[in-house]
Each structure stands twice: as C-alpha cells, then as structure tokens.
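K.L.:
Chains A and B are the protein sequences, given in the same order.
With the working numbering applied, the first sequence corresponds to residues 113 to 196, in that order.
With the working numbering applied, the second sequence corresponds to residues 4 to 428, in that order.
The structure's right below; bear with me while I get my questions together.
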Amino acid sequence: MLKEEKYQKLKDIIKIYLPEDVAVTDIEQDSHFMNNLNINSANLVDIVLDVEDAFDIRLENDDMDKMQTVNDAMAIIDAKLAEK
Amino acid sequence: MSRRVVITGLGVCAPNGVGLTDFTNALLEGKSGLRHQPNLEKLGFGCQVAGEPLVKDNLIDNYFTPLERRGLNATGIVYGVIAGVDAWKDAGLEKNTTNEPSWDRGIIFGTGILGVDKFREAIHLIDEGNVRRLGSTSVVQTMASGISAYLGGLLGCGNQVTTNSAACTTGAEGIIMAYDRISQGKAEIMLTGSCSDSGPYVWGGFDAMRILPRSYNDNPTKASRPMSATAAGFIPGSGAGALVLESLESAQKRGAHIYAEVLGGEINSGGQLGEGSMTAPNSIAVQRCIRNAVTNAGIDASDIDVINGHLTATTKDGLEIENWSKALGRNHDDFPYINSFKGSVGHCLAAAGSIESVATILQFKEQVVFKNVNCDDIHPEILKLISDTCIPRETNNHAPKVIAKASFGFGDVNACVIFKSFTKE
C-alpha cells in the first residue's frame, strides 16, 4: 500500500470524528488529534478500532497511548503492517 | 408556591404513527400498529405479534449526526430522541446555541431498560475476551439515563436532567414529576416523556410469563383487545412519547400554543400487600391514587368527562373499570367516556404512559374522543359496571373538558394525571 493511499484511508477514518468547527482540510500530518483537531478522548478510542478494521491490524494499549498525532498513527500502522 | 402548568409541545414515535400528523390520523381511524414479527417467529415465541414504530432510515438522519449514528444500536434512544426533539420544536423552542446552559429548562425522560441490543453486542464481545473492542458509546447507549443524557446534550438544558423508571407507570409518573417541578417554581420548562426499546430481548420475558396472546399470530391487528370478552393478554409494543410542560407565565410570555393544562395528579404504590403483588395491583391503592389525583387537581369527580385507562387487554381490565367506578363514585350511564389506545398501539411498556398521554392530549386539539378498537364484544363484567355507550367504538365528536389518565405498573405502582382543556381563567 502506498503511503499516500494509507494517509487517505486514515483521513477518511478521522473526518467523521471531527467536531463542527474543524474541516477535513485542517487535517495535517502533524495534527494532534485532541489539541489541533479537537477530537475528544472517547472518540480516539473509536478511531483506534476503525484503524484496526481498515488495516486489519491490532493495536495494543501501548500503541494507543503513543498515538497522539496523525504522524504517530501512520508510524504505528506502518510498523504493524510490517510485522504481518 | 403553586403555579399553573400547561402543555405546549408534543412529540411521538409510536407503532401506528411517527410524528403527530400520522399518529393523529391513525387514532382517528383506529389504525393498528401491531404486526406479525418474523424474528419472533424464528425465535419460537408464543406471541409473534408486537408493535414497533416504522422509522425510516433517512428520518434518523434528521436527528443524529453521521458520527452519532455510527454504532448506534439502541432503538429506545432513536425513538426517544425523535419524540423529544419533535416535542421541543412543536413547542416553538429552539436548540440552545449559546454557551450557557438553559438553567430553567430540564428533562425528565424515563425508560425501563435502554439499549438492550447494544448491551447484547457488548456481552458477546466481552465473553469473547474482546472488551477492548466495545467502543466509546457502549456505556451511554446502555445506561438507563442515556435517553435524558442524549436529549440534554441536544437541547442544552441546564435544569434537572434525569431518567425515571417505574415499569409501565414511567411515562405518567414523569409528567407528574415535571408538573411538580414547574408548579414549585424550580423550572420553567420541562421536557418529559419515556421510551422503550423494541425487540425479542425486551419482549421475551413477557412471553415466558405466558401473559401474551398466542392465537393471533396470523391476525395481528385483532390481537390486542382491551375491555373485550375475548381479551387474551397484552401485545408488547415500543416507541416513545414526549410532552413539553411549561409554566403558564412562560408559555404566555412566549406566545406559545397551549394544548391543555395539567391540573395535577398522584403517584402511589399498593406496597404489594393485600391483593397487590409484584405483577398484580392492589385495588385499594389504585382507587386511592385516582381519588387523590382528583383532590390534588382541585376538581370534583363529576368534572371528569373522559378517562384514558391503563387497560392492557388482560383479565384485569374489568377490575380496573371497577376501581375507576368506585374511586369516582360513578357508574352505568353516569360514567365518563373511557378508552384505551392499546388496541392499536399495544402495550408500549415504559413508553405506554407517555405515548398514551400524547394521544390523550390530542383529543383536546381534535375535540373528539378517539375510538376503542377490538372491543365490539365488551366483557360482560364491564357491562355490569358501566354502560356500553361510555366505551366509544367509533371516534366520537365530544370535545373533552377534563381527562383523567392513569398508568399502572409491575411493582404495584400507580400514577394518575388530570388534564384540562385550557381556558385563561
């Protein structure tokens, strides 16, 4: 899977969780989920589950704690895909 | 402090109609919302008939954001939000778009059990050792107060936001609780109502108790027969009803349309003593509840011209009529008109009291008494107490003045509310 393809897939997951005052175009690679995109912590749990389903991987508690920004998520997804 | 309380908004999501227009037309015509349920047949239920609101998928989009719809698996929340938001809009109220909670507006929205399908989902995941996959809304969809919490967030209310639960009395109880809060000056506007989930996990327990009719699976619209000699048990239903109660001052200041006035009511319990039990009412308490409601409302028993009963279509219907008759000291031709909407909507359990109260109030607006269905063969025990002319089998052009509405529930609990057509004096 190309990097651009993965990024798009991730953005598609994230966009549904954006509050009304944040646009899809606001999503940047270094966006912090909670601080920049205003996604609440409860929904971060759902994003993790969606990522698991979309990429057919499993994230551990540790991974979830590390997943603060879009870049973090990309790195975790890459690592998990490489392990497969 | 005791202030006058009026009803300024209604909303409903019922088996025979979603929204006030469809619901009113269904009641005028006696259209049934009871259908054969293939999933109950598949599961081997004795009674395969039930009432479930037909909510179109695109209608849900008007009430829930795409995010809220993800993983939403609690029918009670869907019904309750539709009825609640509709009632709010019907009252001419807006969602709170400021940053300040509406301190004088609250919600008392009851249920018996919420989000059973969501809970089933969670149970399966947990038993598979997969608790981490529950997602973030498992709690809010299954906590009893999920419904008042959803509505509270949608409307931005800052007064009391809670969920009451008293079995099939829930909806009527909520109206009295909201009335008390406003009449005591603790709130100006209260959204009250109740909801009940659909499906086999809610209805199964009643089927197991063998209190549902089993011989109408091929004839679902005839299955629920309140006051009939051939009544064979109640048909379970589901849905939600909602009412906006408001102080008269607030309603007049806003220039709101007033459907009716709430004069008061009474809530009590028979203590499961005497003939009362977990599942049977103590008649002494039922009569006392009705009598006290009349007293609290400041009226005479003779002022009541219409009753909307609990009347579930079991063998207890006759006893209920006897209790009304004794409590009001009225019988035969002197008895008020009485109806039960359970013939067409079934027994919507925790939602029964609110759905039926919405229907009751609509009678003031339509200036009619809605018909009873499936009771052309009135039970002879009932005819010994009251005249058959008191039980309209066709929608009747009588404009109601004072309507008494009662609901009774498991746990031997009772509620009776008195509504009056609105006059300024």
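Even glycine gets a Cβ: it sits at the ideal position worked out from N, Cα and C.
1. Do residue 198(B) and residue 354(B) come within 7 Å of each other at the CB atom, strictly closer than that value?
2. Roughly how many angstroms separate the alpha carbons of residue 281(B) and residue 223(B), rounded to a whole number?
3. Can you give the Cα-Cα distance for residue 135(A) and residue 122(A), rounded to whole angstroms?
4. Hey, quick one: how far does the alpha helix (DSSP H) through residue 357(B) stretch, first residue to last?
5. Give the range of the alpha helix (DSSP H) segment to which residue 128(B) is assigned.
6. So for residue 77(B), helix, strand or coil by DSSP?
7. Run through the DSSP bridge pairs and tell me what residue 197(B) is partnered with.
8. If distances are taken between C-alpha atoms only, which option among 308(B), 286(B) and 343(B) comes closest to residue 330(B)?
9. Give a yes or no on whether the minimum CB-CB distance between residue 159(B) and chain A is below 7 Å.
10. So what does DSSP say about residue 314(B), is it helix, strand or coil?
11. Under the three-state reduction of DSSP, which class applies to residue 136(B): helix, strand or coil?
12. Out of 55(B), 81(B) and 160(B), which has the shortest C-alpha to C-alpha gap to residue 102(B)?
13. Which stretch, first to last residue, makes up the beta strand (DSSP E) that contains residue 274(B)?
14. Kindly indicate which three-state DSSP category residue 421(B) falls into: helix, strand or coil?
15. What residues of chain B sit near residue 136(A), judged by a beta carbon separation below 7 Å?
16. Which residues bound the beta strand (DSSP E) around residue 10(B)?
17. In its own chain, which residues sit with a C-beta less than 6 Å from the C-beta of residue 414(B), not counting the 5 before and 5 after it?
18. Find the nearest neighbour of residue 346(B) within the set 32(B), 23(B) and 25(B), judged by alpha-carbon distance.
19. So does the region 120-136 of chain B actually touch the region 174-186 of chain B, counting three or more Cβ pairs closer than 8 Å?
20. Pull the bridge partners of residue 39(B) from the DSSP assignment, please.
21. Check the DSSP bridge columns for residue 108(B) and list the partner residues they point to.
22. Less than 7 Å between C-beta atoms, sequence neighbours within five positions excluded: which residues of the same chain meet that for residue 299(B)?
23. Once the 5 residues before and after residue 370(B) are set aside, which same chain residues still bring their CB inside 6 Å of it?
24. Give me the residue from 110(B), 142(B) and 99(B) with the minimum Cα distance to residue 118(B).
25. Would you say residue 138(B) lies against chain A (beta-carbon separation less than 7 Å)?
26. Starting from residue 411(B), trace the beta strand (DSSP E) in both directions and tell me its first and last residue.
27. Applying the 10 Å Cβ sphere with the 16-neighbour rule, what's the burial state of residue 6(B)?
28. Is residue 154(A) close to chain B? Criterion is C-beta to C-beta, closer than 7 Å.
29. In whole angstroms, what is the alpha-carbon distance linking residue 111(B) and residue 417(B)?
30. Under 7 Å between C-beta atoms, does residue 158(A) make it to chain B?
31. Are the region 40-57 of chain B and the region 88-97 of chain B touching, with three or more C-beta to C-beta distances below 8 Å?
32. Using a Cβ-Cβ distance under 7 Å, would residue 189(A) count as near chain B?
33. What does a CB cutoff of less than 6 Å around residue 408(B) pick up in its chain, not counting 5 residues either side in sequence?
34. Select from 185(A), 158(A), 160(A) and 128(A) the residue whose C-alpha is nearest the C-alpha of residue 142(A).
35. Can you give me the C-alpha to C-alpha distance between residue 226(B) and residue 126(A), rounded to a whole angstrom?
36. Would you tell me roughly how many angstroms separate the C-alpha atoms of residue 8(B) and residue 365(B), rounded to the nearest one?
P.N.:
In short:
1. yes
2. 29 Å
3. 15 Å
4. 355-369
5. 119-130
6. coil
7. 113(B) and 244(B)
8. 286(B)
9. no
10. coil
11. helix
12. 160(B)
13. It is not in any beta strand (DSSP E) - residue 274(B) carries neither H nor E in the DSSP assignment.
14. strand
15. Correct list: empty, because the minimum Cβ distance to chain B is about 13 Å.
16. 8-17
17. 170
18. 32(B)
19. no
20. 52(B)
21. 192(B)
22. 267, 268 and 269
23. 402
24. 142(B)
25. yes
26. 405-412
27. exposed
28. yes
29. 18 Å
30. yes
31. no
32. no
33. 311, 360, 363 and 420
34. 185(A)
35. 49 Å
36. 17 Å
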